[in-house]
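Step one of this worksheet: look at the structure below.
Protein chains: 2
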Amino acid sequence: MTVLADKSLEPHRLTSAQRVLSILGVFDTENLALSLSDISRRTGLTLSTTHRLLNELRRWGALSRHSDGKYSIGLRILELGTLAPQGGQLREIALPYLHDLQHATRGNIHLGVPEGHDVIYVESLRARDTVPVPSRLGGRWPMHATGTGLVLLAHSSQEFQEEVLASKLRRYTDHTLTDPDALRHFLAEVRKSGVAIVQSQLTYDVMAVAVPIRGPRDRVVAAVGITVPLGSPSPHSLVPALAATSRSISRALGAPSAVADAGVPRQTAHWQVREVKYSSAVGS
Amino acid sequence: MTVLADKSLEPHRLTSAQRVLSILGVFDTENLALSLSDISRRTGLTLSTTHRLLNELRRWGALSRHSDGKYSIGLRILELGTLAPQGGQLREIALPYLHDLQHATRGNIHLGVPEGHDVIYVESLRARDTVPVPSRLGGRWPMHATGTGLVLLAHSSQEFQEEVLASKLRRYTDHTLTDPDALRHFLAEVRKSGVAIVQSQLTYDVMAVAVPIRGPRDRVVAAVGITVPLGSPSPHSLVPALAATSRSISRALGAPSAVADAGVPRQTAHWQVREVKYSSAVGS
DNA sequence: AAAATCCCTTCCGCTGGACGGAAAGGGGGC
DNA sequence: GCCCCCTTTCCGTCCAGCGGAAGGGATTTT
Chain C
59 MTVLADKSLE PHRLTSAQRV LSILGVFDTE NLALSLSDIS RRTGLTLSTT HRLLNELRRW
119 GALSRHSDGK YSIGLRILEL GTLAPQGGQL REIALPYLHD LQHATRGNIH LGVPEGHDVI
179 YVESLRARDT VPVPSRLGGR WPMHATGTGL VLLAHSSQEF QEEVLASKLR RYTDHTLTDP
239 DALRHFLAEV RKSGVAIVQS QLTYDVMAVA VPIRGPRDRV VAAVGITVPL GSPSPHSLVP
299 ALAATSRSIS RALGAPSAVA DAGVPRQTAH WQVREVKYSS AVGS
Chain S
59 MTVLADKSLE PHRLTSAQRV LSILGVFDTE NLALSLSDIS RRTGLTLSTT HRLLNELRRW
119 GALSRHSDGK YSIGLRILEL GTLAPQGGQL REIALPYLHD LQHATRGNIH LGVPEGHDVI
179 YVESLRARDT VPVPSRLGGR WPMHATGTGL VLLAHSSQEF QEEVLASKLR RYTDHTLTDP
239 DALRHFLAEV RKSGVAIVQS QLTYDVMAVA VPIRGPRDRV VAAVGITVPL GSPSPHSLVP
299 ALAATSRSIS RALGAPSAVA DAGVPRQTAH WQVREVKYSS AVGS
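This is the structure:
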């Protein structure tokens with residue numbers, strides 16, 4: 059064995075903080091509960107290290123342990139997550155309007171915000187009697203494959219758009235927009251019309267309609283979307299309701315263009331300033 | 059200076075994992091965005107250590123940084139939090155029923171699960187046209203001071219109840235139940251009647267009604283509650299709707315007592331096994 | 001305009017705590 | 001019974017994380 063040779067290349071160069079985070083990182087929608095040795099294997103950390111860190115995380119509340127010995131994400135993390143400015147606050151403000159929208163349209167409603175090249179759903183209202191769509195609260199999807207994501211992308215900086223277009227765009231169905239030129243054209247349409255209408259991007263038999271939400275300084279900070287079964291009455295009929303919802307939320311957030319008159323309480327939310335320094339700007 | 063003497067007593071005995079967690083821990087509802095030096099002061103870590111850890115956390119996505127230089131909890135934590143079995147999954151299942159309940163009653167609806175001596179709201183539907191109550195998603199409150207908390211406490215083990223009763227029970231209003239004997243009596247009532255009805259426990263002018271939700275093996279895993287303004291029509295009128303909601307959710311979770319007949323798909327949720335090992339069993 | 005104050009960032013030498021190996025202690029299946 | 005896999009604990013070594021200090025902005029005060 060060329061153990062010695064490997065050693066020098068071995069990516070054992072992890073800081074202790076990274077070790078802690080890598081443990082949290084092994085949990086995903088398909089791995090909600092994992093055993094010590096599962097986690098040890100998946101992180102590449104030794105058993106003893108994993109064991110010690112798991113105990114520390116559990117004691118703090120970041121993880122909980124079940125009677126079968128497996129670990130899961132703890133409620134303390136859920137609690138923490140609601141403190142994310144784009145999460146808790148935005149959701150809090152938007153929720154009643156999203157409710158109204160759902161009752162008016164009977165579709166699946168999503169509220170998405172950008173993170174990296176993805177859109178994250180900070181709220182997801184699932185209609186009871188419609189097709190199941192992959193739309194969990196907290197779900198993460200590539201921007202190019204969802205209605206809300208495309209809206210957010212369309213209103214991002216030019217350089218960011220090119221960065222995304224240059225990356226590998228996964229194809230989920232044969233309708234998924236992956237061709238850079240087609241996407242550029244589509245994004246321009248979205249900016250012009252103010253709405254994105256797509257179908258079968260992520261899964262078949264689904265249409266999505268989405269519009270931007272603006273915050274202070276009229277920056278696009280989020281997007282609302284509806285997904286309905288393919289073959290529903292014209293998706294264009296959903297636009298007015300969406301536009302009204304978007305405007306209401308934007309006004310509540312203090313977007314100048316949505317404020318009807320004076321006397322409206324100033325909303326100065328923290329997330330008005332969106333993260334601009336991406337990891338790539340720091341790494342290496 | 060007696061620096062040397064102090065050194066030995068100094069609680070600088072933090073593991074590196076604890077340092078990471080202590081940083082996350084400084085964020086709360088009143089501190090959504092903090093600067094490097096804020097965090098350094100509040101954690102007691104040196105500037106250089108804080109600086110390094112903040113960068114690692116940010117790179118991973120646990121924190122985000124705004125253009126003013128302040129840090130906030132990042133969306134990755136929100137995403138992670140939804141993986142908590144009592145969070146994402148329970149919420150997902152319960153949400154449609156909670157919706158129905160809200161539309162039937164027009165109150166503020168809470169879905170609470172136990173953690174430590176507290177109840178955490180994994181869902182909170184706020185009525186638009188009623189008194190504002192302190193009910194954030196992810197909010198944490200002492201069990202003895204909320205309707206849902208009292209329900210959960212009533213259905214906890216005897217020893218856990220005594221542990222809570224023996225702790226310092228904070229008084230929020232002069233109606234807050236803090237006398238151990240009065241609480242014991244009240245909890246017995248809750249067990250007997252299956253419902254908790256309280257008023258002005260946490261804030262004045264509010265009534266709360268709450269009932270338990272059961273999961274596999276008929277264990278009480280959560281509680282649903284409604285809060286309405288004091289002086290609303292008899293809270294007893296809310297009980298049937300609550301009971302129906304609770305039963306629907308319990309059935310969806312696979313609670314034997316709520317399952318009407320056979321043929322129901324088995325729901326074996328992870329959180330059927332509630333954490334039993336408390337920190338106290340490990341500490342020291 | 002100089003001085004003072006505060007905050008962020010980077011560098012570097014030292015040390016003690018985190019690390020991994022190993023072995024003991026369950027527990028369930030074949 | 002035996003075997004296999006998982007969890008827990010112990011301990012000596014070593015290097016990664018730590019804190020001090022200094023430098024550079026930005027803003028405010030005198």
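Protein chains in written order, with the working numbering: chain C, 59 to 342; chain S, 59 to 342. C-beta atoms are modelled at their ideal positions from N, C-alpha and C, and glycine is treated no differently.
Amino acids of chain C, ordered along the chain, whose beta-carbon sits closer than 7 Å to that of S/S295: Correct list: empty, because the minimum Cβ distance to chain C is about 23 Å.
Partners in chain S for C/E217, counting only beta-carbon separations shorter than 8 Å: Those do not exist, as C/E217 stays about 17 Å from chain S at its closest Cβ, beyond 8 Å.
Nearest-angstrom beta carbon gap, C/L223 and C/V180 [assumed within contact, 8 Å]: About 25 Å; that fails the 8 Å criterion.
Local conformation of C/H202 per DSSP, three classes: helix
Inter-residue spacing [alpha-carbon to alpha-carbon] between S/T73 and S/L121: 20 Å
Beta carbon of C/A152 nearer than 8 Å to that of C/H124: no
Closest residue to S/R117 among C/S258, C/K250, C/E150 and C/Q76 (Cα-Cα distance): C/Q76
Buried versus exposed, by CB contacts within 10 Å (16 or more), S/R184: buried
Beta-carbon proximity list for C/R71, same chain, < 6 Å, skipping 5 on both sides: none
Whether C/Q259 touches C/L235 by CB criterion (8 Å): yes
Extent of the continuous beta strand (DSSP E) run through S/L121: L121 to R123
Rounded Cβ spacing between S/V267 and S/L210 (contact assumed at less than 8 Å): Not really, about 14 Å apart at Cβ, beyond 8 Å.
Proximity test, Cβ basis, 8 Å: S/S130 and chain C: yes
Proximity test, Cβ basis, 8 Å: C/E220 and chain S: no
Residue-chain proximity (S/R194, chain C), Cβ-Cβ < 8 Å: yes
Straight-line gap, S/G289 to S/A162 (C-alpha atoms, nearest Å): 18 Å
Nearest-angstrom Cα separation, counted from C/H109 out to C/K128: 12 Å
Within 8 Å, strictly: CB atoms of C/P287 and C/V264: yes
Collapsed DSSP secondary structure at C/E220 in the structure displayed: helix
Straight-line gap, C/S95 to S/R275 (C-alpha atoms, nearest Å): 28 Å
8 Å Cβ cutoff met for S/L112 and S/I97: yes
Chain-ordered chain C contacts of S/S74 [CB-CB under 9 Å]: T73, S74, A75, R77 and V78
C/A310 beta carbon less than 8 Å from that of C/L171: What sits at residue 171 of chain C in the sequence shown is Val, not Leu. Not closer than 8 Å, so no.
Local Cβ density within 10 Å of C/N89, reported as buried at 16 or more and exposed below that: exposed
Residue ranges of each alpha helix (DSSP H) within the segment 66-91 of chain S, 4 or longer: 74-83
Candidates S/L300, S/K226 and S/A246: closest to S/I271 by CA position: S/L300
Pick from C/A203, C/V248, C/L79 and C/A254 that is closest to C/Y230, judged by C-alpha positions: C/A203
Cross-chain neighbours of S/R198 in chain C, by beta carbon under 7 Å: E137
Residues, ordered as in the chain, of the segment 133-157 of chain C that lie near chain S by beta-carbon distance below 9 Å: L133, R134, I135, L136, E137, L138, G139, T140, L141, A142, P143, Q144, G145, G146, Q147, R149, E150, L153, P154 and H157
Length of the line joining the Cα atoms of C/V78 and C/T101: 10 Å
Cβ separation of S/F350 and C/L141, assumed to be a contact under 8 Å, to the nearest whole Å: Because chain S spans 59 through 342 in this model, residue 350 of chain S falls outside it and cannot be assessed.
DSSP-derived helix/strand/coil call for C/Y155: helix
Bridge partners - S/Y41, DSSP secondary structure assignment: Since the first residue of chain S shown is 59 and the last is 342, residue 41 of chain S is not available in this structure.
Assigned secondary structure, C/T234 (DSSP; H/G/I helix, E/B strand, else coil): coil
Contact set between C/D86 and chain S, taken where Cβ atoms lie within less than 8 Å: L141
Continuous beta strand (DSSP E) assignments of at least 3 residues falling wholly in the segment 237-293 of chain C: 254-257, 264-272 and 278-287
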